Amino acid sequence: MNSRFLRRPAAAVALLLAVSGRAQGLGQASYVTTAAAGAGFVLVQGRDAASIWIDAADWPGAIRAAGDLRADVARVTTVTPALGHDAAHPGTRAVIIGTVGRSALVDRLAREGKIDVSGIRGRWESFLVQTLRDPLPGVSTALVIAGSDKRGTIFGIYDLSEQIGVSPWYWWDDVTPERKSALYVKPGRYQQGEPSVKYRGIFLNDEKPNLDFWVRAKFGEHPTPGGGQGTVANFNHLFYARIFELLLRLKANYLWPAMWNNAFAEDDPDNARLADEYGIVMGTSHQEPMLRAQKEWDRSLQRKYGNWNYNNTNQQPNQISMNKKISALMIIGSLVCSAGIAKAADAAELWTKNCVSCHAADGSGSTTMGKKYGVKDYRDAKVQADITDEKATQAITDGITEDGKTKMKPFKEKLTPEEIKSLVAYVRTLKK
Ligand code: HEC
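According to the numbering used here, the sequence shown is numbered sequentially starting from 776.
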C-alpha cells in the first residue's frame, strides 16, 4: 500500500522515550511524607508495613495494580506489605482499595458516611484518597483509595505509587527509586475529578527499524503468522504489558499499536485480552481500518485478492468477515471508544467519510465513481422530491443492488440507526 512508503522508518520510539522520570506528577498535591509528625496514616515504619486490601470481586485490572503498589512499596522501603481480599480482616492498619459499587468495604464506608463518594460516583476515571481513624471493627487507621470506575481505581493506586517516589518510567528508563525507611500519609482527603481530555495516549509510530530491533533483542521474534515470509518481532503481551503499565502510571488510557510489520490482535491473542484487563483502550493508526491490522490482510489474503482497498467490492466480504472476527476478539474498551467516536461524529462528518466518493461533497454526484454508478444530482429539487425519507433510510441501511450488482453498499454494519437518520436529514440540506 502506498501510504506505507510515505512514512519515514527512522524515529521509532522517540515519542515514547522522550519524557524522562520525574517522581511527582505535575500540579499534584503532595500527601506523602517521610516525617512522622502529625501523620494521618503510617504506610511504612521500620520493617512494619500497613497491609493492602482489595475486594476479590473488584476489576482484575485494579487487583493487578494493587499488586504493583505492593511491589512499589518494596522498591522504596525493601518491606513488602501483605495483600489480602478478606473483608472481615483487612488488617489493623490497612490501605483499603476499591471501585465504588464493586468493593464490599468501600461501599460499606460510603454507606456508613465515613467517606463521601458523591464527588466521584458515576464519573469518568475519578478517585479519592482519604485517611480514616477507627473506620471499621478491628481497623484502627485506614488509607482509602476509592475509584469511580476501573481506571479511576487504578489511577488512585498509581497516584500513591508516584507519591512514595516510584517514577512511572521506573522500568523503561531504569529510574531507581530513592530508598526511604518510612512513609507517612498526611491526614486529609484528596480528590481527583474527571480528566478534561477523555482519551489520552500514545502512538508507536515508525517502529521499524528502532523499536522493532529492540523488541527482537529483548522479546525475541517468531515466524510470520498466516504463513507469511520470514519472522516478525515479538510485539507480544510481555512487551505490551509494559506499555499498558506505563500508560496507566502516567494516567493515560489509549494506544495505537505497532503496525509496520505487526498485527496487534493476531501476533499474540493475549495482547487484546490484556489491553482490556489492564484498562487500555485500543485504536488503530494510518490506513488500518476498523481496528484490523493491514498485515493480517497482507499475510493471508493479499495473494488472492490484491492490495487492501476498501472501495473494492470484491474484497468486501473478506474485509467484513475480518472485522467480524475482531469484534468478537477485540477488547471491550476499543468498542466503547469507537462507539464514543461514532457518536461524536455529526452528519457532515459521516457524509464526508462514507458518501462523498460517489455522491460528491455537494451531493452533485460528479465524482468518477458517482458518474460510473449513475448517481443522481441531489442538489436538484425534482430529484429530492422523488426520494422519500423512507426510501432514503432503506437505501442507506440495506444498500442498492441493480441487476445483481451492488451500486451502493449497505451501511447497517457501519452506522447506527441514529446516524442513518441524521444522514437522511443531511441529504435534504444538499438541495439548492
Ligand atoms: C459506491 C457509491 C456510493 C456510495 C459510497 C454511497 N452511495 Fe448513495 N447511492 C449510490 C447510487 C448508485 C444510488 C442510486 C442512484 C441515486 O439515487 O443517485 C444511491 C442512492 C442514494 C440515495 C437515494 C435513495 C433513493 O431513495 O433514491 C441516498 C439518500 C443515498 N444514496 C445516500 C447515501 C449516503 C448517506 C451515503 C453514505 C453513508 C451513500 N449514499 C454512499 C451510490 C453510492
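Using N, Cα and C, we set each Cβ at its ideal position, and we do this for glycine too.
A quick note: this is a predicted structure, and the numbers were derived from the prediction, not measured.
- Between Val919 and the set Ile929, Ile872 and Val941, the nearest pair of CA atoms involves Ile872.
- Fully contained in the region 797–836 are the following beta strand (DSSP E) runs of length 3 or more, in chain order: 816–820 and 826–829.
- Taking the CA atoms as reference points, Arg1078 sits about 28 Å from Thr1143.
- The beta carbon of Gly1174 sits closer than 7 Å to the beta carbons of Thr1181, Met1183, Lys1184 and Pro1185 from its chain, once the five residues preceding and following it are set aside; these are given in chain order.
- In the DSSP assignment, Phe978 falls outside any alpha helix (DSSP H) and lies within the beta strand (DSSP E) extending over Gly976 to Phe978.
- Counting of Cβ neighbours within 10 angstroms places Gly927 among the buried residues, the total reaching 16 or more.
- Under the 8 Å Cβ criterion, the region 1132–1151 does not count as touching the region 1189–1200, having fewer than three qualifying pairs.
- Judged by DSSP in its simplified three-state form, Glu953 adopts coil rather than helix or strand.
- In the displayed model, Tyr1153 falls within coil according to three-state DSSP, outside both helix and strand.
- One thing to note: Leu1023 has its Cβ within 9 Å of the Cβ of Gly1054.
- Within the same chain, and ignoring the five residues on either side of Leu844 in sequence, the residues whose Cβ sits closer than 7 Å to its Cβ are Ile827, Ile932, Leu935 and Ser936.
- Taking the Cβ of Met1183 as the reference point, at least one heavy atom of the ligand HEC falls within a distance shorter than 8 Å.
- Rounded to the nearest whole angstrom, the C-alpha separation of Thr808 and Phe902 is 20 Å.
- Annotation for Glu1063: Met1034 and Gln1069 place their beta carbon closer than 7 Å to its own, counting only its chain and skipping 5 residues before and after.
- With contacts defined as CB atoms closer than 9 Å, Ala1122 and Leu1205 fail to qualify as a contacting pair.
- One alpha carbon belongs to Cys1130, the other to Arg850, and they sit about 56 Å apart.
- For Ala862 against Ala879, the beta-carbon gap comes to about 4 Å, under 8 Å, which counts as contact.
- In terms of Cα proximity to Ala1156, the closest of Val1202, Thr1168, Lys1147 and Lys1187 is Val1202.
- In the DSSP assignment, Gly888 falls outside any beta strand (DSSP E) and carries neither an H nor an E.
- A distance of 9 Å or more separates the beta carbons of Val914 and Phe816.
- Val904 and Tyr806 do touch by the CB rule: their CB atoms are close to 7 Å apart, below 8 Å.
- For Ile838, the secondary structure class from DSSP, reduced to helix, strand or coil, is helix.
- Residue environment: Val972 is assigned as exposed (fewer than 16 neighbouring CB atoms within 10 Å of its CB, all protein chains considered).
- If the five residues before and after Ser1132 are omitted, its C-beta is found closer than 7 Å to the C-beta atoms of Asn1086, Thr1142 and Met1144, all from its own chain and listed in chain order.
- In this structure, Pro952 sits near Asp847, with a CB-CB distance shorter than 9 Å.
- Within the chosen limit of 8 Å, the ligand HEC reaches the beta carbon of Ala1170 through at least one heavy atom.
- A residue is called buried when at least 16 other Cβ atoms come within 10 angstroms of its Cβ; His1134 meets this threshold and is buried.
- Between Leu1030 and Phe994, the gap from beta carbon to beta carbon reaches 9 Å or more.
- A check of alpha carbon separations from Gln967 across Asp981, Ile1171 and Arg896 identifies Arg896 as the nearest.
- For the options Asp1051, Val881 and Gly859, the alpha carbon positioned closest to that of Leu907 is the one of Val881.
- Going by DSSP, Lys1180 is part of the beta strand (DSSP E) stretching over Lys1180 to Met1183.
- Residue side-chain check: Met1034 keeps its Cβ at 8 Å or more from all non-hydrogen atoms of the ligand HEC.
- One thing to note: Ser923 has its Cβ within 9 Å of the Cβ of Trp899.
- Annotation: the continuous beta strand (DSSP E) that includes Phe902 extends over Phe902 to Leu911.
- The DSSP-derived three-state label of Arg1074 is helix.
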